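Asks: Take a look at this one; I'll ask things after.
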Amino acid sequence: MKILIDAFGGDHAPSEIIKGCVICLQKYSGTELALVGNEDIIRQTAAEQDISLDGITIHHAPDIITMDDEAGEIVRSKKQSSMAVGLQLLADGQGDAFLSAGNSGALITGATLIVKRIKGVRRPAFTPVMPSAEGPFILADGGANVEASPEMLRQFGIMGAIYMEKVLGVKNPRVALINVGTEEHKGAPLQHEAYQLLKRTNINFIGNMEARDIPAGGADVLVADGFTGNIVLKMYEGVAIELFRKIKGVFYKNLKTKLGAAMMKKEMYELKQYFDYNQYGAAPVLGVSKPVLKTHGSAKADAVVTAVKSAIDFASAGVIEQITQEIETIKKQEKDENG
């Protein structure tokens, strides 16, 4: 298996990306890793840090997609960027999955236009893995589609359920629709229609879920349009950051609280790990014809390692094949119902 990795995506590229790949070579035997980016800079960075690139393939790409670039530039002025070249290599069958910590919008656009969608899928969904009291869940969509149709939400639920079961090992995953109330009639027309479609779909749809109930668990896949999903995602991140800032302030307030902090060091570390995005791997872009994943923009070597594991699991689980089958089944059922 060959994982293609954007060497110039993220805040700490290429140094931390390279470090993470070296660790992966030792940890995931039998997996081939390929860095995509400016070869001269990659080799110079590795030499400066005394890192051996033995066992790592390099695909040269002279340009970089920055966080300030518009998403569409990946297929216009930035066709030779590390992200665009990596996606093209994936589309051409020269890799089994592509991973980037770079510009999310450009990655979604590139995945859609270069790798292409699965036949019948309306739009790809960005699906981050997030923590709850019961364990991790996935959010579909986390921001790729600010506007969505009811059919898109149904497809997000189907794709999310398949990924949750085949990659994260959750049997018969519970799928919920993010809404302003739990009652079936709550929400705008989008939620009303999506609810009815999800209810008639062959997944474990458990109804609506309010935002305040998300951290407690109760669902394995949360479905939303990208606007709503991105607000939930960013609020989650913001609350976690502020919570730990406040806790740290309390523990360092005086000698008594510092002693308490020392006594609870192990427990606080475990709590911090619970909220750490590095522990949950990369977010798949579901709905494209080959595995594409996004890891956090501030990812360092340890996050690269867990992200590569996500890519390996995604590429080997048969997710895309099952999504293709389920979408075709729904299309046939609707055709039969409509005569």
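Numbering (the working numbering), first residue to last: 534 to 872. All C-beta atoms in this analysis are idealised placements derived from N, C-alpha and C, irrespective of residue type, glycine included. Please read these numbers as outputs of a predicted model, since none were measured by experiment.
Pick from Thr-599, Arg-745, Leu-710 and Asp-625: whose alpha carbon is nearest that of Leu-730?
Replies: Nearest of Thr-599, Arg-745, Leu-710 and Asp-625 to Leu-730, Cα basis: Leu-710.
Asks: Considering only C-alpha positions, which residue in the set Pro-657, Thr-564 and Leu-558 is nearest to Ser-637?
Replies: It is Pro-657.
Asks: Between the alpha carbons of Val-821 and His-829, how many angstroms are there, rounded?
Replies: Using only the alpha carbons, I get a separation of about 20 angstroms.
Asks: Under a three-way DSSP split, which group does Phe-541 fall into?
Replies: Phe-541: coil per DSSP, three-state reduction.
Asks: Could you tell me the distance, in whole angstroms, from the CA atom of Arg-733 to the CA atom of Asp-544?
Replies: The straight-line gap from Cα to Cα measures roughly 43 angstroms.
Asks: Any chance you could list the beta strand (DSSP E) runs of at least 3 consecutive residues sitting entirely within the segment 749 to 833, in chain order?
Replies: Fully enclosed beta strand (DSSP E) runs of 3 or longer: 754 to 756, 816 to 819 and 825 to 827.
Asks: In the DSSP assignment, find the beta strand (DSSP E) that holds Thr-645 and state where it starts and stops.
Replies: That residue, Thr-645, is in no beta strand (DSSP E); it is neither H nor E in DSSP.
Asks: Pick helix, strand or coil for Ser-633, following the three-state DSSP scheme.
Replies: In the structure shown, Ser-633 sits in a strand (DSSP, three-state: E or B).
Asks: Going by other Cβ atoms of all chains shown within 10 Å of its Cβ, with 16 needed for buried, is Glu-870 buried or exposed?
Replies: Under this definition Glu-870 is an exposed residue.
Asks: Residue range of the beta strand (DSSP E) that Arg-687 falls in?
Replies: Careful: Arg-687 lies outside any beta strand (DSSP E), inside the alpha helix (DSSP H) at 683 to 699.
Asks: Would you kindly work out how many angstroms separate the C-alpha atoms of Leu-622 and Asn-735, rounded to a whole number?
Replies: Taking the straight line from one Cα to the other gives about 35 angstroms.
Asks: Are the beta-carbon atoms of Val-708 and Phe-738 separated by less than 7 angstroms?
Replies: Cβ distance < 7 angstroms, so Val-708 and Phe-738 count as in contact.
Asks: Who are Phe-659's beta bridge partners in DSSP?
Replies: Paired residue(s): Val-818.
Asks: Bridge partners of Lys-649, per DSSP?
Replies: Its beta-bridge partners do not exist; DSSP assigns none.
Asks: So Leu-632 and Leu-826 are in contact, right, with Cβ under 8 angstroms, and what is the actual spacing, rounded?
Replies: Leu-632 to Leu-826, Cβ: 5 angstroms. Contact.
Asks: For His-718, which three-state DSSP category applies?
Replies: His-718 falls in the coil class under three-state DSSP.
Asks: Which residue comes first and which comes last in the alpha helix (DSSP H) that contains Glu-572?
Replies: Note, Glu-572: alpha helix (DSSP H), 572 to 581.
Asks: Mind checking which residues open and close the beta strand (DSSP E) that includes Thr-590?
Replies: 589 to 593 is the span of the beta strand (DSSP E), which, as asked, contains Thr-590.
Asks: Please state if the CB of Asp-602 and the CB of Lys-535 are separated by a distance shorter than 7 angstroms.
Replies: Contact flag unset, no.
Asks: Give every residue of the same chain whose Cβ lies closer than 8 angstroms to the Cβ of Met-742, excluding the five residues on either side of it in the sequence, and list them in chain order.
Replies: Excluding residues within five positions, the ones whose Cβ falls inside 8 angstroms are Ala-709, Leu-710, Ile-711, Asn-712, Thr-715, Gly-751, Ala-752 and Leu-755.
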